[in-house]
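In our numbering, each residue's number is its place in the sequence shown (first place is 1) plus 266.
Glycine is no exception: its CB is placed at the ideal position from the N, C-alpha and C atoms.
These notes concern the structure reproduced below.
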Amino acid sequence: MTVPVVPVTRPTAVEPRRRRSNSFGRGNPLVYAIALVVAAVTLAPVVYAVLGGFRSNAQLAADPVSLPDPWVLSNYANVITSSSFWRFALNSTIVALITTTVVAVFGIMAAYPLARYSFKGREALFLVFVLGLLFPLTVAIIPLFLMVRDLGLTNSVWGVALPQAAFALPMTVVILRPFLMALPKELEEAALLDGASRIGFFWRILLPLSGPAMVTVGVLAFVASWNAYLLPLLVLSDPASQTLPLGVASFSTEHAQDTAGVLAFTSLAMVPALVFFLAMEKRIVSGLQGAVKG
267 MTVPVVPVTR PTAVEPRRRR SNSFGRGNPL VYAIALVVAA VTLAPVVYAV LGGFRSNAQL
327 AADPVSLPDP WVLSNYANVI TSSSFWRFAL NSTIVALITT TVVAVFGIMA AYPLARYSFK
387 GREALFLVFV LGLLFPLTVA IIPLFLMVRD LGLTNSVWGV ALPQAAFALP MTVVILRPFL
447 MALPKELEEA ALLDGASRIG FFWRILLPLS GPAMVTVGVL AFVASWNAYL LPLLVLSDPA
507 SQTLPLGVAS FSTEHAQDTA GVLAFTSLAM VPALVFFLAM EKRIVSGLQG AVKG
């Protein structure tokens, strides 16, 4: 008489992983609560400024935290029709575009040999860029101003854009280097076998593939330049060349009694950088993920 053999099923390692992933996907309520609190604290000043621009000074004095009743559109209309606002915005746009261009071009040119070439002192040279993260622009603001003045770049967009780009390069190289290192070496070997030079591989293959990382560093440089205040304050003394943050400070000083108008001016000054950052949010995350994986 033969006894039937019953196959014994052993628990695989996939099931606990699935359970862990499902539990991780549901999330911890405490994490969501902390995230909501952080989001509320971050967005509350922005929402207050935007809504405050739709109120009158009398409404703000009577009840500072209520909704507009009625909604006043004249504050934003006065800012939009003001020539000084558009002059400040144009100056900020020019400075931000120059800064972004310089950061992207010189950043990729510095990160490429540090990522793809093997030479003596490569890690030490990269360490110089890493140490540059420890020195913000405010530390060297006085000698930097003296240098800009001696070069005759005061009241010039180049006097603001070039120093900002120089201090943004360390972060740019730190982000781009691991991203470029993660690109397969087989691509470079195949390109060299096909007769491409190192520069040809850089322009035709590596540069298009590094688009997400380039977008990331470009957006970060643009937003940082748009919000810069201290360096433009020292370099740009001529009102015709001042940027939007300086325009906000000047408008607040001249219209100190018009709180609603100041809130409207401030809200419109925040909109371009905020919209640009939110529109590029997914590209920034993908670029940073590629840098972390590298």
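Just the C-alpha distance for residue i and residue j, rounded to the nearest angstrom, thanks.
i, j, result
"A545", "L397", "31 Å"
"G387", "L393", "10 Å"
"P538", "F488", "11 Å"
"V307", "Y298", "14 Å"
"R283", "E454", "Confidence in R283 is poor, its pLDDT being 49 and thus under 50, which makes the residue's placement too unreliable to answer from."
"T347", "Q430", "30 Å"
"A324", "L529", "14 Å"
"D335", "A328", "12 Å"
"G418", "G425", "8 Å"
"A494", "G461", "46 Å"
"P330", "L449", "54 Å"
"D504", "V303", "42 Å"
"K451", "S516", "53 Å"
"L459", "A479", "27 Å"
"I407", "L296", "42 Å"
"V338", "G484", "37 Å"
"L410", "I465", "34 Å"
"F290", "K548", "In this prediction, F290 scores a pLDDT of 45, lower than 50, which makes its location untrustworthy; the coordinate-derived value is nonetheless stated afterwards. Cα to Cα, F290 sits roughly 22 Å from K548."
"Q523", "F531", "14 Å"
For a quick check, are the C-beta atoms of residue i and residue j less than 7 Å apart?
i, j, result
"A535", "V501", "no"
"G319", "S518", "no"
"F354", "V345", "no"
"A376", "S491", "no"
"A381", "L446", "yes"
"N341", "A526", "yes"
"F467", "A457", "yes"
"V439", "F395", "yes"
"V313", "I360", "no"
"S349", "N421", "no"
Our contact map puts residue i next to residue j with C-beta atoms below 8 Å; I'd like the distance itself, whole angstroms only.
i, j, result
"L435", "V371", "The pair is not a contact, with the Cβ atoms about 11 Å apart (cut-off 8 Å)."
"L333", "L317", "7 Å"
"A427", "I374", "Between I374 and A427 the Cβ distance is about 18 Å, and since that is not below 8 Å, they are no contact."
"T509", "S358", "4 Å"
"L399", "M437", "6 Å"
"L442", "S476", "7 Å"
Starting from residue i, trace the alpha helix (DSSP H) both ways and give me its first and last residue.
i, result
"V394", "R388 to G398"
"S350", "S349 to R382"
"F467", "R464 to F467"
"I441", "V423 to M447"
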